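Engineer: Below you'll find the structure I mean.
There are 2 protein chains.
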Amino acid sequence: MVNTKILDGKLTSEKLTEKLKLQVANLAKKPTLAVLLVGDNPASEIYVKAKLKKAQSIGFDTIFEQMSADTAEEIILEKIEDWNTIDDINGILVQLPLPSHLNKNKILNEIDEEKDVDGLTKFNSGSYYTGVKDCVVPCTTRGIAMLLDEYGINVEGMHAVVVGRSNLVGKPTAQMLLNRNATVTVCHSKTKDLESIIKTADIVVSAVGEKIINGKILKNDSIVIDVGIERRSNGKITGDVDFDSALGHASFISPVPGGVGPMTVIALMYNLFDLYRRQQHLLQ
Amino acid sequence: MVNTKILDGKLTSEKLTEKLKLQVANLAKKPTLAVLLVGDNPASEIYVKAKLKKAQSIGFDTIFEQMSADTAEEIILEKIEDWNTIDDINGILVQLPLPSHLNKNKILNEIDEEKDVDGLTKFNSGSYYTGVKDCVVPCTTRGIAMLLDEYGINVEGMHAVVVGRSNLVGKPTAQMLLNRNATVTVCHSKTKDLESIIKTADIVVSAVGEKIINGKILKNDSIVIDVGIERRSNGKITGDVDFDSALGHASFISPVPGGVGPMTVIALMYNLFDLYRRQQHLLQ
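Protein sequences, first through last, are from chains A and B.
Using the numbering used here, the letters of the first sequence map in sequence onto residues 17 to 300.
Using the numbering used here, the letters of the second sequence map in sequence onto residues 17 to 300.
Take a look at the structure:
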């Protein structure tokens, strides 16, 4: 039996929070995060609240604006344009998902590249996927990278299997693992025989929102990063991995909750801090 | 023994050339391709010549400018800016590689996104890697896609192994195969046990410039796309695959020369045609 260690995102996030607090306390001016929420999706409201609270706890200023779900695209674009021109705003976040009548790409790409704290504009994406160094790493991906670093995990030469190919998680995480010299396989809904591919993974990142992984299909000593979030009817949150069955097989596993979730939020804070320093020419 | 079929890029390119000629003949105005070559790298000169000749044979106008290797970056940026403003120029290509004193990204990103015929600006890359449909597919990748289409090869559900992770070939080709619903593994110089990974590939794309693949390590009935180019001392051009030994193992193989090379050139022509039509609002 393998002695499985927990990748504690909650604890790591708290450590990184304290570290960032000290750095922010030394700044002459507080960085400001502006968050726009369109509609009243309950999950989005919870996420936004957590982000604002964390930002404030670190010493950032925050601006929050919520618009009704039927807001015209033009109004949203004007708000972003407005925020782009305000020097005191250092990072702009538009909470996803957006109501379906809105053109997501058009709205995201309205964000000034220098204030793109989520890293999802096409300008930043182009830099990120082509290997430009001084660009924003999307938050969940950066959170995973920070968690790997905290536990001293070097993925170079490992076979990494990423399940899911979203712009938010799967694609940027595959790119991050490739940047760190893993051999990377991207799987998705059309993948045949997913289990036998996962069986070959030294590290597996799952972001699909379905219970697809259990201990039986894991290679011994593999590293398991669970990005799945499923809210059960009993209020409990679970991930893509059957956690209990993975114990004894995986060398490391990130739990849900308390794994990637808090890491995503703290990564956002570090992204804001980096944008601020870049804008102030404090960072190369 | 498998009856290996040849993916004839030369023949396919000729067919696609004839088809494009007819479409171009119907246009009120000829599309124009502008090509900038910095320095006198002999291979680059050969490539540029081939592109200009093909463009002219199709009925495009061409502009070619060659600058000495020690040209200041400012001069190059001004030239691109100039070309950006000329309405008659529909596509701008800066031949790579550039001399090492130049900032490649800065120069590429100077090209107006609407005229980015190679698809290598960060604006187009961002659109491409995040799945926006109406963007430019980098030429070698589009050439491979056109070759697969010509031979009716549907990669959905296949395990695709891409060897190489360059912005020019490896990364965009992995993305193209992912877009077509293959399960995609990206391998590179840090990959361990490359041979056993290739052995699991239903389709393998190799773009490393070294003879790394032979029949013994291919899965039977696999599809082999050879993007390697090595100029031997005897003047002969060969690829990454030991062609003769792959016969009898692969179901399809693209030869070098006469495979991906001519497909890359014809893909560039289709990219120009698409840019032209987009600029003229003839294409959605």
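Using N, Cα and C, we set each Cβ at its ideal position, and we do this for glycine too.
Small disclaimer: the values here were computed from a predicted structure and weren't measured.
1. Below 6 angstroms CB to CB, which residues in the same chain sit around Thr157/B once its five sequence neighbours on both sides are set aside?
2. Just the Cα atoms here: how many angstroms apart are Ile228/B and Leu263/B?
3. Return helix, strand or coil for Leu263/A, following the three-state DSSP convention.
4. Look at the Cβ atom of Val240/A, then the Cβ atom of Phe268/A, and state whether they are nearer than 8 angstroms.
5. Along chain B, in chain order, which residues have C-beta atoms closer than 9 angstroms to that of Glu126/A?
6. Say whether chain A places a C-beta atom closer than 8 angstroms to the C-beta of Arg158/B.
7. By how many angstroms is the C-alpha of Asp98/A removed from the C-alpha of Thr199/A?
8. I need the boundaries of the beta strand (DSSP E) containing Met83/A, first residue and last residue.
9. Apply the 10 Å Cβ neighbour rule to Met174/B and answer buried if 16 or more other Cβ atoms are within range, or exposed otherwise.
10. Using only the alpha-carbon positions, how far apart do Met162/A and Val185/A sit?
11. According to the Cβ coordinates, are Asp77/A and Lys35/A closer than 8 angstroms?
12. Thinking C-beta only, is Asn236/B closer than 8 angstroms to His265/B?
13. From which residue to which residue does the alpha helix (DSSP H) around Gly107/B run?
14. Have a look at Ser261/A, Ser222/A, Leu93/A and flag the residue whose alpha-carbon is nearest the alpha-carbon of Ile123/A.
15. Please list the partners that Tyr286/B has in chain A, where partner means a Cβ-to-Cβ separation under 8 angstroms.
16. Using a Cβ-Cβ cutoff of less than 6 angstroms, which residues in the same chain neighbour Gly55/B once the five nearest sequence positions on both sides are dropped?
17. What whole-angstrom Cβ distance do Ile127/B and Ile169/B have, given they're in contact under 8 angstroms?
18. Does DSSP put Lys31/A in a helix, a strand or coil?
19. In the segment 103-176 of chain B, which residue ranges form an unbroken alpha helix (DSSP H) of at least 4 residues, counting only runs that do not cross its ends?
20. With a threshold of 8 angstroms between beta-carbons, can Arg181/A be considered close to chain B, or not?
21. According to DSSP, is Ile219/B part of a helix, a strand, or is it coil?
22. For a contact meaning CB atoms closer than 7 angstroms, what does Leu194/A contact in chain B?
23. Should Gln39/A go down as buried or exposed, given a rule of 16 or more other Cβ atoms within 10 Å for buried?
24. For Glu226/B, which three-state DSSP category applies?
25. Please classify Asp86/B: does DSSP put it in a helix, a strand, or coil?
26. Would you report the Cα separation of Gly135/A and Phe259/A, rounded to the nearest angstrom?
27. I want to check one thing, is the minimum distance from the CB of Ser270/B to the heavy atoms of the ligand COA below 7 angstroms?
28. Residue range of the beta strand (DSSP E) that Leu52/B falls in?
29. Starting from Phe139/B, find everything on chain A with Cβ-Cβ shorter than 8 angstroms and list it in chain order.
30. Run down chain D in chain order and give the residues with a C-beta less than 8 angstroms from the C-beta of Glu172/B.
31. Okay, do the segment 249-257 of chain A and the segment 136-143 of chain A touch, 3+ Cβ pairs below 8 angstroms being the bar?
32. Using DSSP's beta-bridge definition, name the partner residues of Lys21/A.
33. Spell out whether any CB of chain A is found under 8 angstroms from the CB atom of Gly348/B.
34. Under a Cβ-count criterion, where at least 16 other Cβ atoms within 10 Å of its own Cβ denotes burial, should Leu53/A be classed as buried or exposed?
35. From what residue to what residue does the beta strand (DSSP E) around Val240/A run?
36. Provide the residue span of the alpha helix (DSSP H) that contains Thr189/B, from first to last.
Structural biologist: Considering the structure as presented:
1. Residues of the same chain with a CB within less than 6 angstroms of the CB of Thr157/B, apart from the 5 flanking positions on each side, are Pro188, Thr189, Met192 in chain order.
2. Their Cα atoms are separated by approximately 16 angstroms.
3. Coil at Leu263/A, not helix or strand.
4. The beta carbons of Val240/A and Phe268/A sit closer together than 8 angstroms.
5. Ordered by position in chain B, no residue passes the 9 angstroms Cβ test against Glu126/A, which lies about 14 angstroms from the chain.
6. No, because no Cβ of chain A sits closer than 8 angstroms to the Cβ of Arg158/B.
7. Roughly 43 angstroms separates the two Cα atoms.
8. Per DSSP, Met83/A belongs to the beta strand (DSSP E) from 77-83.
9. Looking at its Cβ environment, which holds 16 or more other Cβ atoms inside 10 Å, Met174/B is buried.
10. Taking the straight line from one Cα to the other gives about 15 angstroms.
11. The answer is no: Cβ separation not under 8 angstroms.
12. Yes, Cβ-Cβ distance for His265/B and Asn236/B is below 8 angstroms.
13. Element bounds for Gly107/B: not the alpha helix (DSSP H) but the beta strand (DSSP E), 107-110.
14. Looking at the Cα atoms, Leu93/A is the closest of the given residues.
15. The CB of Tyr286/B never comes closer than 8 angstroms to any CB in chain A; the least such distance is about 22 angstroms.
16. Counting only Cβ-Cβ distances below 6 angstroms, and skipping sequence neighbours, we find Ala85, Pro115.
17. So it is not a contact: roughly 32 angstroms between Cβ atoms.
18. DSSP, read as helix, strand or coil, puts Lys31/A in helix.
19. Those alpha helix (DSSP H) runs which fall completely within the segment 103-176 of chain B and span 4+ residues are 120-126, 138-145, 155-166.
20. The Cβ of Arg181/A sits closer than 8 angstroms to at least one Cβ of chain B.
21. Ile219/B: strand per DSSP, three-state reduction.
22. For Leu194/A, the chain B residues whose Cβ falls inside 7 angstroms of its Cβ are Arg181, Val202, in order along the chain.
23. Exposed, because fewer than 16 other Cβ atoms sit within 10 Å of the Cβ of Gln39/A.
24. If DSSP states are grouped into helix, strand and coil, Glu226/B belongs with coil.
25. In this structure, Asp86/B counts as coil in the three-state DSSP scheme.
26. If you take the alpha carbons of Gly135/A and Phe259/A, they lie about 30 angstroms apart.
27. Among the components modelled here there is no ligand, and therefore nothing to report on the ligand COA.
28. It spans 48-54 - the beta strand (DSSP E) in which Leu52/B sits, taken as one unbroken run.
29. What Phe139/B touches in chain A: Lys138, Phe139, Gly142.
30. Note that chain D does not occur in the displayed structure, where the protein chains are A and B.
31. Contact between the segment 249-257 of chain A and the segment 136-143 of chain A is absent: fewer than three C-beta pairs spanning the two stretches fall below 8 angstroms.
32. Answer is Phe268/A.
33. There is no way to answer for residue 348/B, as the model of chain B reaches only from 17 to 300.
34. With 16 or more other CB atoms across the displayed protein chains lying within 10 angstroms of its CB, Leu53/A is buried.
35. Val240/A: member of the beta strand (DSSP E) spanning 239-242, first to last residue.
36. Where Thr189/B is concerned, the enclosing alpha helix (DSSP H) stretches over 186-195.
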